[in-house]
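Protein chains in written order, with the working numbering: chain A, 480 to 665; chain B, 1445 to 1619. Note that the Cβ used here is the ideal one computed from N, Cα and C, for glycine as well. Single-structure report; data block below.
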Amino acid sequence: MSEQLDQVFGQLVNRSWARFSENLKAREIDDLLVGAVITAAVAQGNALIDLNSDGGHHYLRFQHLQHKHRLMFQLTHLTGDVASAKVLQHHAAVTIAYGEYVEDARTVWQALKSEVKSGFLDVGEPGVFTVDADLGTGYVYVQVPLLLDLDQYFADHYTVKYPVLQEHIAAVSQACAKYLHGRIAA
Amino acid sequence: MLSLINKFKNNAEARESKDEALIGEMVFTMAHLGCPVIGIKSGADLQYVRFKPVGDEVLYSFTIVLDRKTGDGALQQAVLGSKATLTFVAEVKNHIADPDDLVAMFRTDMANMLRSPWFGDIKLDHQLNSITATKKQIIDIDDYAGADGADRDRLRQLLQGTVQELREKVAPYKK
């Protein structure tokens, strides 16, 4: 009887661990993506120059070592539990910004800042370019918010599809850079 | 829009971002060692990153905490360099469900560990179902944070060596 109860207890614990692991994997996928973004960016010749994270909201800033342009990422996991991940699939609100050093950032910013006053600025629509300037460092940024499916970046839970991730980062960077150059030239 | 820039401290000078650059290089190196990030927290001058040694039958996790001590200002940088304390923690987790096995483990392994928790500069600890080996090391960030080949090789050797060293200390306790 004692042996049988021990076995039953073992089964209960093992099943609990399976549930716990499922939940843990749902919660840590955004951390995996943050690590993957850092790895992908460093591999492309960028240095991480800012990292701010409370475990749920992640902010990353990189500077390209040779060309000096900057990339910023804001990642917020929107499906951090098993139920929402199963129903909605893992996805995150990701804002990517591309910035370049501009000689006369203050003048450029004065010309571009009208859109910050727009009433549509904070409605959270994806794919909308906005411009901002960090006058302390002379960088002008273009950012675009997106809602990204996270499963597309993983072959399995711990294996990242770096070519897909790097292509997506490059595509967004190029789009932002084109918009920035176009706005500065206009 | 404005909020994204405001989420960062204003690291106008490169020396103030050295610890972040080192964390970036560590994440890159650990990824190439088969250890992706599974936890990350970062604030002013203290960075915590937890890695998963994928496929390792002994280690459940490996954590690095970087605590920057000097080098924020130009004077400190010139006199002292950019010193930081790295804390490495290797964790073994035992999923034991048999109460007899648990009691036996506490009587033997844990009792031995608590009698002599230090192996040189490595400290062993036991909390609930986790056994950890912790090592602290003071480094000069400038020796490791560059993206050139020499710094990356040094960093790779440091991380690979430390993972292996701590793994050997906790391996006997894996059930």
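Buried or exposed (CB count within 10 angstroms, at least 16 for buried), residue i
i         : result
A:Thr586  : exposed
A:Asn493  : exposed
A:Glu501  : exposed
B:Gln1601 : exposed
A:Leu539  : buried
A:Asn507  : Looking at the sequence itself, residue 507 of chain A is Glu, so the reference to Asn does not match. Flag for A:Glu507 reads buried.
B:Asp1544 : exposed
B:Ile1582 : exposed
A:Phe499  : exposed
A:Ser481  : exposed
B:Leu1446 : For B:Leu1446, the predicted structure reports a pLDDT of 49, less than 50, and the residue's modelled location is therefore unreliable. The matter cannot be settled from this model.
B:Thr1552 : exposed
A:Ser495  : exposed
A:Leu550  : buried
A:Ala634  : exposed
A:Thr638  : exposed
B:Glu1469 : buried
A:Ala562  : exposed
A:Leu484  : exposed
A:Ala571  : buried
Contact with chain A by residue i, beta-carbon distance below 8 Å
i         : result
B:Asp1553 : no
B:Asp1500 : no
B:Leu1446 : Note on B:Leu1446: pLDDT 49, under 50, position unreliable in the model; the coordinate value appears next. For B:Leu1446, the answer is yes, since a Cβ of chain A falls inside 8 Å of its Cβ.
B:Ser1461 : yes
B:Leu1506 : The sequence as given places Phe at residue 1506 of chain B; Leu does not occur at that position. No - not a single Cβ of chain A is within 8 Å of the one on B:Phe1506.
B:Phe1532 : no
B:Ser1486 : yes
B:Val1471 : yes
B:Lys1513 : no
B:Ala1456 : Annotation note: pLDDT 49 at B:Ala1456 (below 50); position unreliable, no value reported.
B:His1570 : no
B:Leu1602 : no
B:Gln1608 : no
Partner residues on chain A for residue i, Cβ-Cβ distance less than 7 Å
i         : result
B:Gly1468 : Ile517, Val521, Ala526 and Leu527
B:Asp1542 : Asp485 and Gly489
B:Gln1491 : Leu530
B:Ala1465 : Ala526, Leu527 and Ile528
B:Ala1475 : Gly514 and Thr518
B:Lys1496 : Tyr637
Residue i: contacting residues in chain B (beta-carbon distance under 9 Å)
i        : result
A:Ala634 : Neighbours of A:Ala634 on chain B: none; closest Cβ ~12 Å, over 9 Å.
A:Val639 : Ala1475 and Pro1480
Test: residue i CB closer than 8 Å to a CB of chain B
i        : result
A:Trp496 : yes
A:His537 : yes
A:Asn502 : no
A:Thr574 : yes
A:Leu627 : no
A:Val587 : no
A:Leu511 : yes
A:Arg549 : no
A:Asp445 : This structure gives no information on residue 445 of chain A, because the portion of chain A shown stretches from 480 to 665.
Interface partners of residue i on chain A, CB under 8 Å
i         : result
B:Gly1548 : The identity of residue 1548 of chain B in the sequence shown is Ala, whereas the question assumes Gly. Within 8 Å Cβ-Cβ: nothing; B:Ala1548 doesn't reach chain A, min ~13 Å.
B:Ala1591 : Val521, Gly524, Ala526 and Leu544
Beta-carbon separation (whole angstroms), residue i vs residue j, contact threshold 8 Å
i         : j         : result
A:Ala526  : A:Ala564  : With a Cβ gap of about 33 Å, A:Ala526 and A:Ala564 do not count as contacting.
B:Val1607 : B:Ala1541 : Contact doesn't hold; Cβ gap of about 28 Å is too wide.
B:Leu1510 : B:Leu1466 : 7 Å
A:Leu629  : A:His569  : 4 Å
B:Leu1530 : B:Ile1508 : 6 Å
B:Val1481 : A:Gly514  : 3 Å
A:Thr574  : A:Gln622  : 6 Å
A:Thr518  : B:Ala1475 : 4 Å
B:Ala1555 : B:Leu1568 : Not really, about 12 Å apart at Cβ, beyond 8 Å.
A:His537  : B:Ile1484 : 7 Å
A:Gly578  : A:Val643  : Not really, about 24 Å apart at Cβ, beyond 8 Å.
Within chain B, the residues that residue i reaches when beta carbons sit closer than 8 Å
i        : result
A:Glu507 : Ile1482 and Gly1483
A:Val492 : His1539 and Ala1541
A:Gly534 : Gly1483, Ile1484 and Lys1485
Within chain A, the residues that residue i reaches when beta carbons sit closer than 9 Å
i         : result
B:Ala1594 : None at all; the shortest Cβ gap to chain A is about 15 Å.
Contact list for residue i against chain B, beta-carbon separation under 7 Å
i        : result
A:Val581 : In chain order: nothing, as chain B lies at least about 14 Å away.
A:Arg540 : Phe1452
Residue i: CB within 7 Å of a non-hydrogen atom of the ligand SAM
i        : result
A:Leu527 : Looking for the ligand SAM in the displayed structure turns up nothing, as the structure carries no ligands at all.
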